[in-house]
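Scroll down for the structure; my scribbles are underneath it.
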Amino acid sequence: MNDGVNGVALTVFILFFLAVTVMGFLAARWRKAENEHSLDEWGLGGRSFGTWVTWFLLGGDLYTAYTFVAVPAAIYAAGAAGFFAVPYTILVYPLIFTFLPRLWSVSHKHGYVTTSDFVRGRFGSKGLSLAVAVTGILATMPYIALQLVGIQAVLDVMGVGGGENTNWFVKDLPLLIAFGVLAAYTYSSGLRAPALIAFVKDTLIYIVIAVAIIYIPIKLGGFDDVFGAASEKYTAAKAGGLVPLEAGQWTYATLALGSALALFMYPHSITATLSSRSREVIRRNTTILPLYSLMLGLLALLGFMAIAAGVKVTNPQLAIPQLFEDMFPDWFAGVAFAAIGIGALVPAAIMSIAAANLFTRNIYKDFIKPDATPAQETKVSKLVSLLVKVGALVFVLTMDKTVAINFQLLGGIWILQTFPALVGGLFTRWFHRWALLAGWAVGMVYGTVAAYGVASPTQKHFGGSAKEIPGIGEIGYIGLTAFVLNVVFTVVLTFLLKALKAPDGVDETSPEDYTADAGDPGLEVELPPATAGTTH
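Numbering-wise (the numbering used here), the sequence shown opens with residue 236 and increments by one.
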C-alpha cells in the first residue's frame with residue numbers, strides 16, 4: 236500500500252466526483268414536474284422512468300460500491316464460498332418477474348409510495364404496516380453505512396486522510412465532504428439525481444471490469460496462473476480449494492436462497508421499481524437485469540486475481556482497491572476508484588430516500604399528522620433523508636467497520652421477515668393480519684437472538700449470519716430459518732383466527748388492480764389530488 240497520496244489517481248477521482256455532483260444538482264431540472272411538492276415527484280421521480288432509465292437505476296441501486304468491494308473480498312479471504320452472490324442474483328429475477336409487476340400495478344392504481352402503503356391498504360392494518368416500515372428503516376441504515384465504508388476504502392488506498400495517528404477531522408474530512416455533497420443533491424433533486432448519475436456509475440463499472448478481466452490476467456501470466464495461485468492458498472489454509480467444503484454447502488445454498496428472497500424486500504429496491512412508468516417496463520427489466528449477474532461473476536474473479544498478484548492487506552475490504560492501485564496505471568486506477576466511489580453515491584441516495592418515504596408515509600402521516608398535505612410530506616421526507624444519512628455517517632465514523640458489515644447481515648435477516656406480508660399479500664388475502672404480525676415478530680425475535688449468539692474472531696456477538704438449523708443439524712442461513720418459522724406461525728395462526736372468526740381488516744384493493752397498466756382507463760382515479768396527473 237502506498238505511504239503517500241497517489242496524486243494522479245486522486246485527480247481523476249476528483250474530476251469524476253465533480254462531474255457527478257454537477258449532474259446531481261442539474262437533475263432537479265431533468266423531467267421537471269409541474270408540482271414538485273409531492274412524494275410522487277421527489278421520492279419516485281414522477282413515476283415516469285422508462286426501460287433504460289429504470290434498468291440503470293435498479294442496477295445502480297442493487298449493485299453497489301460495497302458489492303464491488305465485498306464480493307471479491309469475500310472470495311479473496313474465504314474462497315469459493317464468496318461466490319454465493321452470483322447464484323442468488325440469478326435466482327432473484329424469475330422470482331421478481333412473478334410479483335413486481337403486480338406490485339407496480341396496485342401501487343400505481345392507489346398511489347402507494349412504499350411497501351407499507353400496500354400492506355396497510357391490502358390488510359387494513361396500520362400495525363402491520365408500521366412493522367414493515369420500521370423493519371425497512373432498520374435494515375436500510377447499515378446498508379447506507381456500508382456505501383460510505385466503500386468510499387472510505389478507496390480513499391485509504393489512495394492515501395487520502397493521513398495515517399492512523401492523524402487528527403480524526405483531517406482523516407475523515409474527505410468522507411465528510413462526499414457525504415455533504417450526497418446530502419445536498421439528494422435533498423435538492425430527489426430520486427432524479429441517482430437516476431441520472433446511475434448512467435455514469437454503471438458505464439464506469441462495466442469499463443473497469445472489462446479492462447480488469449483482460450488486462451490483469453495478462454500481467455499475471457494468464458488465468459491458469461490466477462486459478463493456480465488461488466487454489467494453492469485455499470488448499471494450504473484448508474478452505475476447500477476452489478470448491479466450498481462439504482460442511483459449508485448448506486450455508487452456501489441457504490444463504491443464496493435467503494438472499495434472493497430478501498433482495499427486493501429492501502425499500503430502495505421497491506422505490507426504484509415504483510419509479511417506472513408502466514408494468515411492462517418492470518417486466519422488461521427483469522429479463523435484462525441478469526446482465527448485471529454476468530458482470531458480478533466477472534467481478535468476483537478479481538478476488539482470485541488479488542491472491543495471484545500477491546496483494547497483502549489486513550482488511551480484506553481493501554484487497555480490490557489495492558489490486559487496482561498495484562496493477563493499473565495511475566490514471567486508470569483513478570477511473571476504477573471513481574467507479575467505486577460513484578457506485579456508493581447512487582445507492583446511498585436511493586436508500587436514504589426510501590427510508591425517508593417509509594417514515595413519512597407510514598409513521599408521520601399514519602400516526603403523527605394524518606392530515607399532512609403533500610407539500611408537508613415532501614418536506615418531512617427531505618429532512619428525514621438527511622437525518623438517515625447523518626446516522627449512517629456517525630455509524631461509520633464511530634464504530635469498527637466489521638460491526639457495520641455484521642449489522643448489514645442482520646438487516647438482511649430482518650428484511651426477509653416482511654416477505655409473507657408483501658409477496659403473500661400480492662397473491663392472496665387469505666392470511667390474517669394478526670397472524671402476519673405475529674409471524675413477523677417470531678421471525679424477527681428468532682433471527683435477532685440467533686445472530687446475537689454467533690461469535691467471530693473479532694466479535695463476541697453478531698459475528699455472522701449462519702447457525703445450526705433446528706431439527707436438521709446443518710449450518711444454514713439464520714434469515715431463511717427465521718423466515719420458515721415466520722411462515723409456519725402465520726399459517727397456523729391464520730387457521731386459528733379464522734376459526735375464531737377474529738375481525739379481519741378491510742381490503743381497499745380489487746383483483747383487477749393487480750394487472751392494470753398505465754394506459755388502462757380509470758387507473759389514475761384513486762390517486763391523491765396533488766399527485767394525479769403527474770404520473771406520466
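Think of the CB as a built atom: it goes at the ideal place given N, C-alpha and C, for glycine as much as any other residue.
Reduced DSSP category for residue i - H, G, I as helix; E, B as strand; rest coil
| i | result |
| --- | --- |
| Phe499 | coil |
| Lys614 | helix |
| Phe563 | coil |
| Thr324 | helix |
| Gly456 | coil |
| Phe666 | coil |
| Ser510 | coil |
| Tyr712 | strand |
| Leu758 | Confidence is the limiting factor: at Leu758 the pLDDT is only 49, short of 50, which leaves the residue's position unreliable, though a coordinate-based value still follows. Looking at Leu758 - three-state DSSP - the assignment turns out to be coil, as it is neither helix nor strand. |
| Phe697 | coil |
| Thr744 | coil |
| Leu593 | helix |
| Gly239 | coil |
| Gly493 | helix |
| Pro692 | coil |
| Ile588 | helix |
| Lys344 | helix |
| Ala737 | coil |
| Gly425 | coil |
| His771 | Residue confidence for His771 is low, a pLDDT of 32 falling below 50, so the modelled location carries little weight and cannot support an answer. |
| Trp265 | coil |
| Ile640 | helix |
Nearest candidate by alpha-carbon position, reference residue i, set the options
| i | options | result |
| --- | --- | --- |
| Phe248 | Val392, Pro307 and Gly646 | Val392 |
| Phe642 | Leu651, Ala686, Glu709 and Thr608 | Ala686 |
| Ala464 | Val689, Ile310, Leu365 and Glu560 | Ile310 |
| Gln382 | Ala574, Val723 and Val615 | Ala574 |
| Ala374 | Pro551, Trp669 and Thr683 | Thr683 |
| Leu644 | Asp407, Asn520, Tyr501 and Asp752 | Tyr501 |
| Val435 | Leu250, Phe414, Ala263 and Ala497 | Leu250 |
| Ala507 | Ala717, Asp275 and Val741 | Asp275 |
| Leu671 | Phe358, Ile448 and Gly285 | Phe358 |
| Met540 | Ile451, Ala488, Tyr749 and Thr549 | Ile451 |
| Lys468 | Leu529, Gly538, Gly493 and Leu531 | Gly538 |
| Gln652 | Arg668, Gly678 and Val631 | Gly678 |
| Pro223 | Trp277, Asp296, Phe252 and Ala305 | Nothing about residue 223 can be reported from this structure: the residues present for the chain run from 236 to 771 only. |
DSSP bridge partner residues for residue i (one or two, in chain order)
| i | result |
| --- | --- |
| Glu467 | In the DSSP output, where bridge partners are listed per residue, Glu467 has none listed. |
| Phe284 | Ser511 |
Residue i versus residue j: straight-line alpha-carbon distance, rounded
| i | j | result |
| --- | --- | --- |
| Pro429 | Leu509 | 15 Å |
| Leu735 | Leu593 | 33 Å |
| Leu732 | Pro307 | 48 Å |
| Gly706 | Ser700 | 18 Å |
| Pro763 | Phe499 | The pLDDT assigned to Pro763 is 43, lower than 50, so where the model puts this residue is not dependable, and the model offers no usable value. |
| Asn241 | Thr350 | 45 Å |
| Ala244 | Glu747 | 55 Å |
| Ile412 | Gln387 | 12 Å |
| His696 | Ala690 | 5 Å |
| Glu709 | Trp485 | 7 Å |
| Thr744 | Pro336 | 15 Å |
| Val255 | Gly569 | 15 Å |
| Ala571 | Gly647 | 28 Å |
| Gly578 | Phe291 | 12 Å |
| Asp606 | Leu657 | 26 Å |
| Phe414 | Ala497 | 27 Å |
| Thr769 | Gly281 | Residue placement at Thr769 cannot be trusted, given a pLDDT of 36 that sits under 50; the coordinates are not used to answer. |
| Val546 | Ser424 | 40 Å |
| Tyr298 | Phe563 | 23 Å |
| Gly456 | Leu533 | 18 Å |
| Leu261 | Ala673 | 46 Å |
| Lys772 | Gly740 | The question about residue 772 has no answer here: the residues shown for the chain are numbered 236 through 771. |
| Gly626 | Met376 | 8 Å |
| Asp752 | Ser340 | 6 Å |
| Lys617 | Val629 | 19 Å |
For residue i, the first and last residue of its enclosing beta strand (DSSP E)
| i | result |
| --- | --- |
| Ala701 | Ala701 to Glu703 |
Residue range of the unbroken alpha helix (DSSP H) whose run includes residue i
| i | result |
| --- | --- |
| Tyr599 | Unbroken run through Tyr599: none, as it is neither H nor E. |
| Met258 | Gly242 to Leu261 |
| Ile310 | Ala300 to Ala313 |
| Lys547 | It is not in any alpha helix (DSSP H) - Lys547 carries neither H nor E in the DSSP assignment. |
| Tyr378 | Lys361 to Met393 |
| Trp277 | Leu274 to Trp277 |
| Leu553 | Premise fails: Leu553 is in no alpha helix (DSSP H) and is neither H nor E. |
| Leu526 | Pro525 to Ala535 |
| Phe358 | Thr350 to Phe358 |
Cutoff 7 Å: residue i Cβ touching any chain D Cβ
| i | result |
| --- | --- |
| Asp391 | No chain D appears in this structure, which consists of one protein chain only. |
Residue i CB to nearest heavy atom of the ligand MG below 6 Å
| i | result |
| --- | --- |
| Arg282 | With respect to the ligand MG, the structure shown offers nothing to examine, as it has no ligands at all. |
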